[in-house]
Amino acid sequence: MINQTMKIALLGVSHWHVPLYLPGLPENSVVGVSDGDAGIAARIAAPYGCPAYTDHRQMLHEVKPDFVFAFAPHYRMHAVASELIEAGIPFTMEKPAGLDRREVETLYNAAERKNAFCAIPFVWRYSDTVNDLKNRYLSGKIVHMSYKFVAGPPSRYLATSRWMLSQETAGGGCMTNLGVHFIDMALYLTESGGAETLASIYQYTSEYDIETYASSMLRMDSGASLLIESGYAYPMSDGAKRENRWTIVTENGYCILADNDLELRTFGAAPAHIALNTDSDPYYAIFARTTLADYANGARPRASLAEMLNVRCILDEMNEKATQKG
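For the sequence shown, the tail end lands on 337 under the working numbering, and the numbers increase by one without skipping.
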(Lines of atoms letter the chains of each structure in order from A; the text may use other names.)
(Lines give C-alpha, C1' and ligand atoms only; values in the text may rest on other atoms or scores of the structure.)
Protein backbone atom coordinates (compact mmCIF):
# COMPACT_ATOMS: atom_id res chain seq x y z
CA MET A 12 0.00 0.00 0.00
CA ILE A 13 1.35 3.45 -0.89
CA ASN A 14 0.58 6.62 1.01
CA GLN A 15 -1.64 8.08 -1.70
CA THR A 16 -4.12 5.20 -1.41
CA MET A 17 -4.40 5.24 2.38
CA LYS A 18 -7.68 6.14 4.02
CA ILE A 19 -6.74 8.36 6.96
CA ALA A 20 -8.91 9.32 9.93
CA LEU A 21 -8.22 12.16 12.36
CA LEU A 22 -9.35 11.47 15.93
CA GLY A 23 -9.68 14.24 18.52
CA VAL A 24 -8.99 17.25 16.32
CA SER A 25 -9.45 19.94 18.98
CA HIS A 26 -5.80 19.31 19.94
CA TRP A 27 -3.72 22.41 19.16
CA HIS A 28 -1.12 20.45 17.15
CA VAL A 29 -3.62 19.17 14.55
CA PRO A 30 -3.17 22.07 12.07
CA LEU A 31 0.57 21.38 12.04
CA TYR A 32 0.04 17.78 10.88
CA LEU A 33 -2.34 18.54 8.02
CA PRO A 34 0.22 19.72 5.42
CA GLY A 35 1.94 16.33 5.78
CA LEU A 36 -1.11 14.27 4.79
CA PRO A 37 -1.48 13.00 1.20
CA GLU A 38 -4.06 14.78 -0.93
CA ASN A 39 -7.58 13.33 -0.74
CA SER A 40 -6.55 10.86 1.97
CA VAL A 41 -8.67 12.05 4.92
CA VAL A 42 -11.95 10.10 5.05
CA GLY A 43 -13.19 10.92 8.55
CA VAL A 44 -12.73 13.43 11.38
CA SER A 45 -13.91 13.16 14.98
CA ASP A 46 -13.98 15.32 18.07
CA GLY A 47 -16.22 15.76 21.09
CA ASP A 48 -16.76 19.34 19.87
CA ALA A 49 -18.98 18.98 16.80
CA GLY A 50 -18.12 22.47 15.54
CA ILE A 51 -14.38 21.84 15.57
CA ALA A 52 -14.81 18.44 13.92
CA ALA A 53 -16.94 19.97 11.16
CA ARG A 54 -14.46 22.79 10.57
CA ILE A 55 -11.50 20.42 10.17
CA ALA A 56 -13.52 17.99 8.00
CA ALA A 57 -14.88 20.65 5.62
CA PRO A 58 -11.81 21.07 3.35
CA TYR A 59 -11.68 17.30 2.88
CA GLY A 60 -15.37 16.91 2.11
CA CYS A 61 -15.51 14.02 4.56
CA PRO A 62 -17.94 13.23 7.39
CA ALA A 63 -17.42 14.69 10.85
CA TYR A 64 -18.26 12.72 13.99
CA THR A 65 -18.53 13.34 17.69
CA ASP A 66 -18.14 9.60 18.40
CA HIS A 67 -14.79 8.24 17.24
CA ARG A 68 -16.01 4.66 17.52
CA GLN A 69 -18.76 5.37 15.02
CA MET A 70 -16.19 6.97 12.73
CA LEU A 71 -13.87 3.97 12.90
CA HIS A 72 -16.77 1.60 12.22
CA GLU A 73 -18.16 3.56 9.28
CA VAL A 74 -15.08 4.83 7.41
CA LYS A 75 -12.78 1.86 8.21
CA PRO A 76 -9.52 3.84 8.01
CA ASP A 77 -6.18 2.35 7.07
CA PHE A 78 -4.39 4.73 9.43
CA VAL A 79 -5.40 7.04 12.29
CA PHE A 80 -3.76 10.19 13.61
CA ALA A 81 -5.04 10.14 17.19
CA PHE A 82 -5.25 13.07 19.58
CA ALA A 83 -7.00 13.00 22.94
CA PRO A 84 -6.94 14.58 26.38
CA HIS A 85 -4.19 12.91 28.37
CA TYR A 86 -6.66 11.13 30.65
CA ARG A 87 -8.33 9.49 27.63
CA MET A 88 -5.20 8.57 25.67
CA HIS A 89 -4.84 5.14 27.23
CA ALA A 90 -8.41 4.14 26.36
CA VAL A 91 -8.23 5.46 22.79
CA ALA A 92 -4.85 3.85 22.08
CA SER A 93 -6.02 0.55 23.59
CA GLU A 94 -9.03 0.53 21.24
CA LEU A 95 -6.83 1.17 18.19
CA ILE A 96 -4.34 -1.52 19.18
CA GLU A 97 -7.13 -4.03 19.78
CA ALA A 98 -8.74 -3.13 16.43
CA GLY A 99 -5.44 -3.63 14.61
CA ILE A 100 -5.42 -0.09 13.20
CA PRO A 101 -1.99 1.53 12.81
CA PHE A 102 -1.85 4.97 14.37
CA THR A 103 0.04 7.84 15.89
CA MET A 104 -0.69 9.07 19.40
CA GLU A 105 0.33 12.43 20.83
CA LYS A 106 2.60 12.35 23.85
CA PRO A 107 2.48 11.50 26.72
CA ALA A 108 0.15 8.59 25.67
CA GLY A 109 -1.14 8.20 29.23
CA LEU A 110 -1.23 9.71 32.69
CA ASP A 111 1.63 7.67 34.14
CA ARG A 112 4.12 4.87 33.57
CA ARG A 113 1.55 2.17 34.27
CA GLU A 114 -0.78 3.35 31.51
CA VAL A 115 2.01 3.65 28.93
CA GLU A 116 3.49 0.30 29.92
CA THR A 117 0.18 -1.49 29.38
CA LEU A 118 -0.06 0.12 25.94
CA TYR A 119 3.49 -0.91 25.10
CA ASN A 120 2.85 -4.50 26.19
CA ALA A 121 -0.39 -4.68 24.21
CA ALA A 122 1.30 -3.25 21.12
CA GLU A 123 4.11 -5.80 21.40
CA ARG A 124 1.62 -8.67 21.65
CA LYS A 125 -0.33 -7.45 18.63
CA ASN A 126 2.70 -6.28 16.65
CA ALA A 127 0.93 -2.92 16.42
CA PHE A 128 2.27 0.16 14.67
CA CYS A 129 2.17 3.24 16.92
CA ALA A 130 4.32 6.31 16.30
CA ILE A 131 4.84 9.06 18.88
CA PRO A 132 5.53 12.63 17.68
CA PHE A 133 8.85 13.23 19.35
CA VAL A 134 9.32 15.45 16.34
CA TRP A 135 12.90 16.53 17.00
CA ARG A 136 13.99 12.97 16.08
CA TYR A 137 12.55 13.69 12.64
CA SER A 138 14.33 17.03 12.24
CA ASP A 139 17.41 17.97 10.28
CA THR A 140 18.33 20.15 13.25
CA VAL A 141 18.85 17.32 15.73
CA ASN A 142 20.11 14.78 13.21
CA ASP A 143 22.68 17.28 11.91
CA LEU A 144 23.72 17.98 15.49
CA LYS A 145 24.11 14.28 16.17
CA ASN A 146 25.84 13.27 12.94
CA ARG A 147 27.71 16.38 11.76
CA TYR A 148 28.33 19.03 14.38
CA LEU A 149 28.82 17.46 17.81
CA SER A 150 32.46 16.48 18.22
CA GLY A 151 33.36 14.07 21.00
CA LYS A 152 31.34 12.49 23.78
CA ILE A 153 28.55 14.60 25.27
CA VAL A 154 29.39 15.69 28.82
CA HIS A 155 26.43 17.94 29.63
CA MET A 156 23.18 19.13 28.05
CA SER A 157 20.97 22.02 29.08
CA TYR A 158 17.58 22.65 27.48
CA LYS A 159 15.40 25.64 28.28
CA PHE A 160 11.97 25.79 26.65
CA VAL A 161 9.54 28.30 28.11
CA ALA A 162 6.22 28.85 26.35
CA GLY A 163 3.26 31.15 26.93
CA PRO A 164 0.95 31.19 29.95
CA PRO A 165 -1.47 28.36 30.77
CA SER A 166 -4.44 30.50 29.73
CA ARG A 167 -3.54 29.55 26.13
CA TYR A 168 -5.39 26.29 26.66
CA LEU A 169 -8.71 27.72 27.85
CA ALA A 170 -10.28 27.95 24.39
CA THR A 171 -10.11 24.31 23.30
CA SER A 172 -8.21 22.28 25.91
CA ARG A 173 -9.21 23.31 29.42
CA TRP A 174 -8.35 19.76 30.53
CA MET A 175 -4.67 20.75 30.15
CA LEU A 176 -5.01 22.89 33.26
CA SER A 177 -5.85 20.09 35.70
CA GLN A 178 -3.49 17.58 37.27
CA GLU A 179 -6.28 15.01 37.22
CA THR A 180 -6.91 15.22 33.47
CA ALA A 181 -3.48 16.25 32.15
CA GLY A 182 -1.22 14.42 34.61
CA GLY A 183 1.04 17.44 34.93
CA GLY A 184 1.85 20.84 33.49
CA CYS A 185 4.76 22.25 31.56
CA MET A 186 7.17 19.36 32.15
CA THR A 187 4.60 16.80 30.99
CA ASN A 188 3.69 18.86 27.95
CA LEU A 189 7.00 20.46 26.95
CA GLY A 190 9.82 18.80 28.86
CA VAL A 191 9.19 15.32 27.47
CA HIS A 192 10.58 16.36 24.08
CA PHE A 193 13.91 17.15 25.67
CA ILE A 194 14.02 14.00 27.77
CA ASP A 195 13.65 12.08 24.53
CA MET A 196 16.18 14.26 22.73
CA ALA A 197 18.75 13.66 25.45
CA LEU A 198 18.18 9.90 25.23
CA TYR A 199 18.55 10.07 21.46
CA LEU A 200 21.66 12.22 21.33
CA THR A 201 23.50 10.24 24.02
CA GLU A 202 22.11 6.86 22.88
CA SER A 203 21.07 6.21 26.47
CA GLY A 204 18.39 3.76 27.56
CA GLY A 205 17.44 5.70 30.66
CA ALA A 206 18.41 8.34 33.19
CA GLU A 207 18.48 8.92 36.94
CA THR A 208 16.72 11.99 38.32
CA LEU A 209 18.93 13.77 40.83
CA ALA A 210 16.64 16.68 41.68
CA SER A 211 13.46 18.42 40.58
CA ILE A 212 11.70 21.56 41.67
CA TYR A 213 8.32 22.63 40.31
CA GLN A 214 6.67 26.03 40.71
CA TYR A 215 2.91 26.62 40.83
CA THR A 216 2.19 30.24 39.96
CA SER A 217 -1.39 30.19 38.63
CA GLU A 218 -4.85 29.25 39.85
CA TYR A 219 -4.46 25.83 38.23
CA ASP A 220 -2.98 22.81 40.01
CA ILE A 221 -0.29 22.13 37.39
CA GLU A 222 3.34 23.21 37.48
CA THR A 223 3.97 26.38 35.51
CA TYR A 224 7.77 26.35 35.81
CA ALA A 225 9.90 23.27 36.32
CA SER A 226 13.60 22.43 36.58
CA SER A 227 15.13 18.96 36.76
CA MET A 228 18.70 17.67 36.88
CA LEU A 229 19.42 14.15 35.63
CA ARG A 230 22.31 11.78 34.98
CA MET A 231 22.02 9.89 31.68
CA ASP A 232 23.08 6.26 31.35
CA SER A 233 25.96 7.56 29.24
CA GLY A 234 27.23 9.56 32.22
CA ALA A 235 26.24 12.93 30.75
CA SER A 236 24.39 15.39 32.98
CA LEU A 237 21.12 16.92 31.83
CA LEU A 238 19.32 20.07 32.96
CA ILE A 239 15.79 20.68 31.68
CA GLU A 240 13.83 23.87 32.31
CA SER A 241 10.29 24.19 31.02
CA GLY A 242 7.58 26.68 31.72
CA TYR A 243 4.26 28.30 30.99
CA ALA A 244 5.69 31.71 31.82
CA TYR A 245 6.68 33.60 28.68
CA PRO A 246 4.77 36.84 27.97
CA MET A 247 4.09 36.28 24.27
CA SER A 248 4.07 38.93 21.54
CA ASP A 249 3.64 38.89 17.79
CA GLY A 250 7.34 38.44 17.21
CA ALA A 251 8.19 36.12 20.09
CA LYS A 252 6.15 33.21 21.43
CA ARG A 253 8.70 31.33 23.54
CA GLU A 254 12.28 30.99 24.71
CA ASN A 255 14.04 27.95 23.30
CA ARG A 256 17.74 27.64 24.12
CA TRP A 257 19.99 24.57 24.10
CA THR A 258 23.55 24.21 25.37
CA ILE A 259 25.55 21.04 24.71
CA VAL A 260 29.03 20.48 26.13
CA THR A 261 31.27 17.79 24.66
CA GLU A 262 34.80 16.63 25.40
CA ASN A 263 35.95 18.69 22.42
CA GLY A 264 33.87 21.84 22.62
CA TYR A 265 30.71 23.73 23.34
CA CYS A 266 27.65 24.62 21.33
CA ILE A 267 24.69 26.92 21.87
CA LEU A 268 21.54 26.73 19.75
CA ALA A 269 18.99 29.53 19.94
CA ASP A 270 17.05 31.75 17.55
CA ASN A 271 17.85 29.55 14.53
CA ASP A 272 21.59 29.89 15.08
CA LEU A 273 24.07 27.22 16.17
CA GLU A 274 27.17 28.72 17.75
CA LEU A 275 29.77 25.99 17.48
CA ARG A 276 32.99 26.30 19.46
CA THR A 277 35.55 23.53 19.15
CA PHE A 278 38.94 23.56 20.86
CA GLY A 279 41.64 24.38 18.34
CA ALA A 280 39.23 25.77 15.73
CA ALA A 281 37.67 29.11 14.97
CA PRO A 282 34.11 29.62 16.25
CA ALA A 283 31.41 28.97 13.67
CA HIS A 284 27.79 30.02 13.26
CA ILE A 285 25.47 27.67 11.39
CA ALA A 286 21.82 28.25 10.53
CA LEU A 287 19.67 25.57 12.20
CA ASN A 288 15.92 25.76 12.75
CA THR A 289 14.81 26.01 16.38
CA ASP A 290 11.06 26.06 15.68
CA SER A 291 9.52 22.61 16.07
CA ASP A 292 6.28 23.47 14.26
CA PRO A 293 7.44 22.49 10.71
CA TYR A 294 8.50 19.07 11.91
CA TYR A 295 4.95 17.88 12.63
CA ALA A 296 4.19 17.70 8.90
CA ILE A 297 7.52 15.94 8.36
CA PHE A 298 6.61 13.52 11.15
CA ALA A 299 3.28 12.80 9.44
CA ARG A 300 4.84 12.15 6.03
CA THR A 301 7.71 10.10 7.44
CA THR A 302 5.42 8.02 9.63
CA LEU A 303 3.11 7.15 6.76
CA ALA A 304 6.13 6.17 4.65
CA ASP A 305 7.57 4.08 7.49
CA TYR A 306 4.28 2.23 7.87
CA ALA A 307 3.87 1.72 4.12
CA ASN A 308 7.44 0.37 3.88
CA GLY A 309 7.11 -1.95 6.87
CA ALA A 310 9.62 0.06 8.90
CA ARG A 311 9.53 0.57 12.65
CA PRO A 312 8.42 4.02 13.83
CA ARG A 313 11.37 6.25 14.60
CA ALA A 314 9.71 7.03 17.92
CA SER A 315 7.35 4.36 19.19
CA LEU A 316 5.70 3.32 22.43
CA ALA A 317 9.07 1.88 23.47
CA GLU A 318 10.62 5.35 23.39
CA MET A 319 7.50 6.84 24.99
CA LEU A 320 7.76 4.36 27.85
CA ASN A 321 11.42 5.25 28.46
CA VAL A 322 10.50 8.93 28.61
CA ARG A 323 7.42 8.31 30.78
CA CYS A 324 9.45 6.37 33.35
CA ILE A 325 11.91 9.25 33.64
CA LEU A 326 9.12 11.84 33.76
CA ASP A 327 7.36 9.99 36.58
CA GLU A 328 10.58 9.99 38.59
CA MET A 329 11.06 13.70 37.94
CA ASN A 330 7.50 14.38 39.10
CA GLU A 331 8.05 12.28 42.20
CA LYS A 332 11.29 14.10 43.08
CA ALA A 333 9.46 17.42 42.78
CA THR A 334 6.93 16.41 45.40
CA GLN A 335 9.46 15.16 47.95
CA LYS A 336 10.12 17.36 50.97
CA GLY A 337 13.50 17.78 52.60
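Yeah, the Cβ is synthetic: ideal placement off N, Cα and C, and Gly gets one too. Remember, predicted model here, so these are calculated numbers, not experimental data.
Which complete alpha helix (DSSP H) runs does the stretch 128-172 hold, if anything under 4 residues is left out? 139-143
Which residue wins for smallest C-alpha separation from Ala225, given the options Glu274, Tyr199, Ala162 and Asn263? Ala162
With 16 other Cβ atoms within 10 Å as the buried cut-off, status of Gly23: With 16 or more Cβ atoms within 10 Å of its Cβ, Gly23 is classed as buried.
CB-CB under 7 Å to Glu94, same chain, minus the five flanking residues each way: which ones, in chain order? none
Got a sec, what are the start and stop residues for the beta strand (DSSP E) Tyr86 sits in? Unbroken run through Tyr86 is the alpha helix (DSSP H), His85 to Ala98; no beta strand (DSSP E).
Distance between beta carbons of Phe133 and His67, contact taken as under 8 Å: Their Cβ separation, rounded to whole angstroms, is 24 Å, which puts His67 and Phe133 out of contact at 8 Å.
Under 8 Å: do the stretch 129-146 and the stretch 293-311 share three or more Cβ pairs, one atom per stretch? yes
Looking only at C-alpha atoms, which of His155, Phe102, Glu123 and Glu222 sits nearest to Val260? Of His155, Phe102, Glu123 and Glu222, the residue nearest in Cα terms is His155.
Have a look at Tyr59 and Val141 and give me their C-alpha separation to the nearest angstrom. 33 Å
Please say whether Ala20 and Val91 have beta carbons closer to each other than 9 Å? Cβ atoms of Val91 and Ala20: not closer than 9 Å.
Around the Cβ of Leu169, are there at least 16 other Cβ atoms within 10 angstroms (buried) or fewer (exposed)? Here Leu169 is exposed: its Cβ has fewer than 16 other Cβ atoms, across all protein chains shown, within 10 Å.
Going by beta carbon distance, what residues of the same chain come within less than 8 Å of Pro165, once the five residues before and after it are set aside? Met175, Leu176, Gly184, Ser217, Tyr219, Ile221, Thr223 and Tyr243
Please confirm whether Met196 and Tyr158 have their CB atoms less than 9 Å apart. Contact: yes.
Can you give the Cα-Cα distance for Met12 and Thr258, rounded to whole angstroms? With a pLDDT of 47 at Met12, under the threshold of 50, the modelled position of this residue cannot be trusted, and the question is left open.
Helix or strand or just coil, what does DSSP make of Glu207? strand
Compute the Euclidean distance between the alpha carbons of Tyr86 and Cys266, then round it to the nearest angstrom. 38 Å
Using DSSP with H/G/I as helix, E/B as strand and the rest coil, what is Ala283? Note: Ala283 maps to strand in three-state DSSP.
Using 8 Å as the Cβ pair cut-off and three pairs as the minimum, do the stretch 120-132 and the stretch 304-316 touch? Judged by pairs of C-beta atoms under 8 Å, the stretch 120-132 touches the stretch 304-316, as three or more such pairs exist.
Which of the three DSSP states is assigned to Phe78 in this structure? strand
Evaluate contact between the stretch 26-36 and the stretch 286-299, counting only Cβ atoms and requiring at least three cross-stretch pairs below 8 Å. Output reads yes: the stretch 286-299 touches the stretch 26-36.
In the DSSP output, what is Val41 paired with across the bridge? Ile19
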